Structures are given as structure tokens and as C-alpha cells.
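Down below is the structure, laid out as C-alpha cells.
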Amino acid sequence: MELGIFLNYDGAVPVAREAERLGFAYALAPEGFRSDAVSVLGAVAASTERIRLAPGVMQIPARTPVMTALAAATLDGLSGGRFCLGLGVSNPDVSRGWYGVDFDAPLARAREYVEVVRLALTGGPVRYSGEHFRLPPPGTREAAHLRAAPVRADIPIYLAGVGRRSLELAGEIADGWIGVFCPPERLAESLGHVRAGRARAGKGLEGFEVMPSIPIGVGDDPERAAEPLRPYFANFIGMGSRERSVYFTLAASMGFGAAAEEIHDRCHAGDRAGAARAVPFELIDRTSLVGDAKRISARMAEYAAAGVTTLGLTSLATSLDGHLETLRVAEEALRLQRG
110 MELGIFLNYD GAVPVAREAE RLGFAYALAP EGFRSDAVSV LGAVAASTER IRLAPGVMQI
170 PARTPVMTAL AAATLDGLSG GRFCLGLGVS NPDVSRGWYG VDFDAPLARA REYVEVVRLA
230 LTGGPVRYSG EHFRLPPPGT REAAHLRAAP VRADIPIYLA GVGRRSLELA GEIADGWIGV
290 FCPPERLAES LGHVRAGRAR AGKGLEGFEV MPSIPIGVGD DPERAAEPLR PYFANFIGMG
350 SRERSVYFTL AASMGFGAAA EEIHDRCHAG DRAGAARAVP FELIDRTSLV GDAKRISARM
410 AEYAAAGVTT LGLTSLATSL DGHLETLRVA EEALRLQRG
């Protein structure tokens with residue numbers, strides 16, 4: 110098992126450099142409230158030499174598939190072939206509210222989207238006739254043709270997903286899966302769905318990237334180490350409609366339904382501080398790495414045994430020094446885990 114780090118745009122370059130020095134496998138850039146992924150990864154590509162780069166994740170409703178392919182090819186060229194493309198369908202409220210894109214048939218759209226991206230990355234003309242994407246559309250003869258950047262047809266594509274059907278889709282059409290809110294004991298069930306998708310494509314899990322996104326907080330006292338993680342959990346659980354939120358549903362399915370309702374209500378009342386306080390430590394502890402290197406190492410061993418290939422860490426430290434210290438503790442914990 111290797112480590113990855115999800116970057117904040119402020120401090121992304123020094124954090125990525127330190128992660129590279131420590132032997133991390135990936136530097137990933139989230140996309141959403143704070144920054145887009147492409148800009149951050151462009152800066153990191155110019156400042157690193159070995160670490161693999163990936164968005165975690167680029168949101169499918171935000172870009173046309175050809176533009177995503179162009180961005181992927183450009184970043185792959187700038188980084189010397191180190192780019193991997195992480196994609197996700199987002200959620201209904203963000204898709205509609207941020208991008209004005211209906212959330213109808215999100216997995217069917219994702220399937221076609223990936224097919225168009227891969228077609229564009231071959232470097233040939235993009236001619237595609239699907240239910241959701243038709244390129245070029247009727248009445249237009251000009252087909253997209255990527256010439257502005259080096260093109261590598263086999264750029265790995267990782268899909269984010271939570272539900273059964275999204276996990277099966279990732280297994281079937283992608284080269285890896287990026288998860289969220291993943292306690293080790295739930296990974297066996299998740300990977301069962303991934304395997305079903307791989308089997309449908311006539312493949313096994315060998316070479317498939319299994320990368321859950323795991324928040325991390327370091328310190329001698331686990332409960333104090335968990336404090337900076339509370340707003341992160343509150344933000345996801347409180348996002349959008351509770352009926353349509355995969356994060357709310359996931360927290361409830363883990364036995365934290367009452368807390369999820371309070372968090373959601375407080376977020377929508379504008380009380381984000383109260384929402385953060387309402388996040389149970391037990392939920393954070395089950396789905397995060399909190400504590401000192403020894404405690405974190407024991408938890409890492411559980412993830413490795415569950416089949417994780419790369420543990421994608423989300424540092425919620427409040428300063429650059431805090432992020433760098435988190436990297437060092439995580440690297441120490443991984444060395445302890447490996448024995």
C-alpha cells in the first residue's frame with residue numbers, strides 16, 4: 110500500500126514537494142468550493158519530478174468530455190507522463206446549482222463521458238453518437254481533434270463512487286476507484302461491487318487502483334486530533350438535499366442517522382459551527398486516521414489488509430507547517446505498518 114495526499118491550493122506546491130521527498134505515490138487536487146483541480150495540478154506539475162498527479166476529482170458536469178481530455182493531455186505533457194484522470198459525477202444539487210446540468214441518468218452519462226474522453230485521447234477525430242453525447246452534433250461536420258498537446262491514449266482514468274452501481278461502473282470501465290467515507294470494514298462490500306464490474310469486463314482486480322480518500326488528523330490525543338476534521342464532515346453531510354445526498358445516506362447507513370439529521374439541519378440554518386460540533390467523534394474515528402503515528406499505523410494496517418492500494422490522505426491542518434507535519438507522521442506510520 111502506498112500513500113497519496115489531497116492538496117489545498119494554498120500551500121499545494123510545498124506540500125506536494127514534501128510528499129514527493131517522503132515517497133508518496135500521488136498528489137491529488139480536489140475540485141469544488143476552494144479551487145479547480147486543473148490550475149492546482151499545473152502548478153504542481155511544474156514544481157515536482159516524480160510524484161503522480163491526479164484530480165480528486167474533476168466533476169463531470171463541469172466540463173465537456175473533450176475539454177476534459179484536452180486538460181488531461183496538457184497536464185500529462187507538462188508533467189512528463191505522470192497524470193492520472195480522476196472523475197466523478199458530483200451530486201444532483203451541485204450539478205444543477207453550480208453547472209446548470211440536469212442529473213438525469215448520471216451513470217449512463219458517465220459511461221459515455223469516459224468513452225468520449227478515451228476516444229479524444231487517441232488523437233484522432235472525435236466522432237461519437239450516444240444517447241447523452243453526440244459529437245459532432247447533427248448539422249455540424251467539424252469533429253474535435255486534439256493537436257494542441259501531446260496525447261497519451263492510455264492515461265489512467267479513476268472514477269469516484271459510493272453506491273453499488275457506481276462502484277460496479279468504476280470496476281467495469283475505469284482503471285481505479287476513488288472512495289470517500291470508507292471504514293476498513295466496509296471496503297470488502299465495496300470491492301465486491303467493484304469486482305462484479307471488473308468481471309463484466311472480463312478482468313480482475315490486478316492493476317486496479319483502490320484509493321479511498323481518508324481524512325487525517327495527527328496528535329497524541331485522538332479526540333483533539335479529530336477537531337479540525339469536524340467541518341469537513343459537516344460540509345459533506347450537510348450538502349444539498351438529504352434525500353439526494355450520498356454522503357447523508359452513507360452516514361445514516363453507518364448508524365449515525367440522528368447525528369446526520371442534526372448536522373444537515375444546522376448547515377441549512379447557517380449554523381456551520383454547530384453542525385461541526387454535532388459530528389460524532391465515533392464517525393470521524395471510523396472513517397479517518399486520527400492520533401499519533403503508532404495509532405495511525407494500526408489503522409493503516411487494516412486498510413492494507415482490506416485491499417487498498419493507495420491511501421489518499423486529506424489533511425485538515427490549519428497551517429502549512431501543520432500539513433507538512435501531517436505528511437511526516439503519515440510516512441512514519443506507513444513505515445511502522447510495513448514493519
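Converting from the sequence shown to the working numbering requires adding 109 to each position, the first position being numbered 1. Every residue, glycine too, gets a C-beta built ideally from N, C-alpha and C. Predicted, not measured: the structure shown is a model, and the values here were computed from it.
Test item: CB-CB of residue i and residue j under 8 Å
i: Ile114; j: Phe133; result: yes
i: Ala439; j: Ile405; result: yes
i: Ala262; j: Glu281; result: no
i: Ala178; j: Leu255; result: yes
i: Ser397; j: Pro337; result: no
i: Arg159; j: Glu111; result: no
i: Tyr118; j: Ser156; result: no
i: Leu131; j: Leu429; result: no
i: Ala334; j: Val260; result: no
i: Ala266; j: Ala283; result: Sequence inspection shows Ile at residue 266; the Ala mentioned does not correspond to that position. Taking 8 Å as the Cβ cut-off, Ile266 and Ala283 qualify as a contacting pair.
i: Val153; j: Ala180; result: no
i: Arg307; j: Pro340; result: no
Other residues of its chain near residue i: CB distance less than 6 Å, five sequence neighbours each side excluded
i: Pro174; result: Tyr222, Val225 and Val226
i: Val497; result: Only positions 110 to 448 of the chain appear in the structure, and residue 497 is not among them; the question remains open.
i: Ala138; result: Leu116, Ala146, Val149, Leu150 and Pro164
i: Arg191; result: Arg161 and Leu162
i: Phe345; result: Tyr356
i: Pro201; result: Phe212 and Arg353
i: Leu300; result: Gly416
i: Arg218; result: His241
i: Leu244; result: Val235 and Tyr237
Residues near residue i by beta carbon distance below 7 Å, same chain, minus five either side
i: Gly151; result: Leu184 and Leu187
i: Val166; result: Glu140, Gly195, Leu196, Gly197, Ala269 and Ile287
i: Gly239; result: Glu221
i: Phe342; result: Val388, Leu392 and Ile393
i: Ile372; result: Ala343, Ile346, Gly347, Ala384, Ala387 and Val388
i: Ala305; result: Glu277 and Gly280
i: Val122; result: Ala152, Val153 and Ser156
i: Leu470; result: In this structure the chain extends from 110 to 448, so residue 470 is not present and cannot be described.
i: Leu425; result: Pro324, Gly326, Pro337, Leu338 and Tyr341
i: Pro293; result: Glu411, Tyr412 and Ala415
i: Phe365; result: Pro389 and Leu392
i: Gly120; result: Leu429 and His432
i: Lys312; result: none
i: Leu443; result: Leu112 and Met409
i: Glu251; result: Pro245
Own chain, CB closer than 8 Å to residue i, minus 5 neighbours either side, in chain order
i: Leu216; result: Val198, Arg274, Ser275 and Leu278
i: Pro321; result: Ile287, Gly288, Val289, Cys291, Leu296, Tyr412, Val417, Leu420 and Gly421
i: Gly383; result: Arg375
i: Val303; result: Leu276, Glu277, Ala279, Gly280, Trp286, Leu314, Phe317 and Val319
i: Thr427; result: Pro337
i: Arg126; result: Ser156 and Thr157
CB contact check: residue i to chain C, cutoff 8 Å
i: Ala152; result: Of the protein chains in this structure there is only one, and it is not chain C.
Whole-angstrom C-beta distance between residue j and residue i, which should lie under 8 Å
i: Leu230; j: Ile264; result: 6 Å
i: Ala242; j: Gly285; result: Before going on, a small fix: residue 242 reads as Phe here, not Ala. So it is not a contact: roughly 23 Å between Cβ atoms.
i: Leu441; j: Ala402; result: The residue asked about is misnamed: residue 441 is Glu in this sequence, not Leu. The Cβ separation is near 4 Å, so the contact holds.
i: Ala369; j: Ala360; result: 4 Å
i: Leu445; j: Val124; result: In fact, because the Cβ distance is near 22 Å, the residues do not count as touching under 8 Å.
i: Ala210; j: Pro247; result: First, the residue type needs correcting, since residue 210 is Val and not Ala in the sequence shown. Contact flag wrong, Cβ pair sits at about 21 Å.
i: Met363; j: Arg408; result: About 16 Å separates the two Cβ atoms, so there is no contact after all.
**Item:** Every unbroken beta strand (DSSP E) within the region 333 to 406, with a cutoff of 3 residues, ordered by chain
**Value:** Here the runs fully enclosed are 398 to 400.
**Prompt:** Okay, do the region 378 to 390 and the region 268 to 283 touch, 3+ Cβ pairs below 8 Å being the bar?
**Reply:** Contact check between the region 378 to 390 and the region 268 to 283: fewer than three CB pairs, one atom from each, fall below 8 Å, which does not count as touching.
**Asked** Between the region 226 to 239 and the region 166 to 182, are three or more C-beta pairs nearer than 8 Å?
**Response** yes
**Message:** Check whether the region 370 to 381 and the region 318 to 330 are in contact - that is, three or more C-beta pairs closer than 8 Å.
**Reply:** Because the criterion of three Cβ pairs below 8 Å is not met, the region 370 to 381 and the region 318 to 330 do not touch.
**Asked** Three or more C-beta pairs closer than 8 Å, one from the region 194 to 210 and one from the region 344 to 352: is that the case here?
**Response** Contact between the region 194 to 210 and the region 344 to 352 is present: 3 or more CB-CB pairs across the two stretches fall below 8 Å.
**Request:** Output the residue ranges of the beta strand (DSSP E) runs that lie fully inside the region 256 to 297 and measure 3 residues or longer, sorted by chain position.
**Result:** Restricted to the region 256 to 297, the beta strand (DSSP E) segments that are unbroken, complete and at least 3 residues in length are 266 to 269 and 285 to 289, listed in chain order.
**Message:** For a minimum of 4 consecutive residues, which ranges assigned as the alpha helix (DSSP H) are wholly contained in the region 161 to 200?
**Reply:** 174 to 187
**Item:** Whole beta strand (DSSP E) elements within the region 410 to 448, 3-residue minimum
**Value:** 419 to 424
**Ordered list of alpha helix (DSSP H) runs contained in the region 129 to 159, each at least 4 residues** = 146 to 154
**Prompt:** If you scan the region 294 to 331 from start to end, which runs of the alpha helix (DSSP H) of 4 or more residues do you find wholly inside it?
**Reply:** none
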